[in-house]
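Numbering (our numbering), first residue to last: -18 to 65. No residue lacks a Cβ here, since even glycine has one placed at the ideal position from N, Cα and C.
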Amino acid sequence: MSPHRLGPHTPARYEIRVDGHLDDHWSSWFGGMALTQEDDGTTTMRGVVTDQAELHGILGKVRNLGATLISVIATDAPDGAGPG
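Shown next, in the form of structure tokens:
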């Protein structure tokens, strides 16, 4: 069990991986997340997501694009945010 659990209103850094390459111009549509086209033909989106509602909005956009979602990982809370 991790020492901190992210709450539904806690900002966190996420890595969202999708199948296929998305061009950098999609970054603004995904809330300014950084897009990295990986050598294996996938795209990794990285950035701070303010809460679960924003995360669900981003995942809805992935769905609306018809992209295949591979993974969603909360990497950590941004500096100064989180429990405590």
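Looking only at DSSP bridge pairs, what is S52 linked to? Under DSSP, S52 takes part in a beta bridge, and its partners are R(-2).
Measuring alpha carbon to alpha carbon, tell me which residue in S9, I(-3) and D5 is nearest S52. S52 has its Cα closest to that of I(-3), out of S9, I(-3) and D5.
Does DSSP put G28 in a helix, in a strand, or in coil? Strand, per DSSP.
State the DSSP-derived secondary structure class of L3, mapped to helix, strand or coil. Under the three-state reduction of DSSP, L3 is assigned to coil, being neither helix nor strand.
Going by beta carbon distance, what residues of the same chain come within less than 7 Å of K42, once the five residues before and after it are set aside? If we look at K42 and ignore the five residues flanking it on each side, its Cβ neighbours are W10 and F11.
Hey, T24 and G47 are a contact pair by Cβ (cut 8 Å); roughly how many whole angstroms apart? Wrong, their Cβ atoms sit about 14 Å apart, outside the cutoff.
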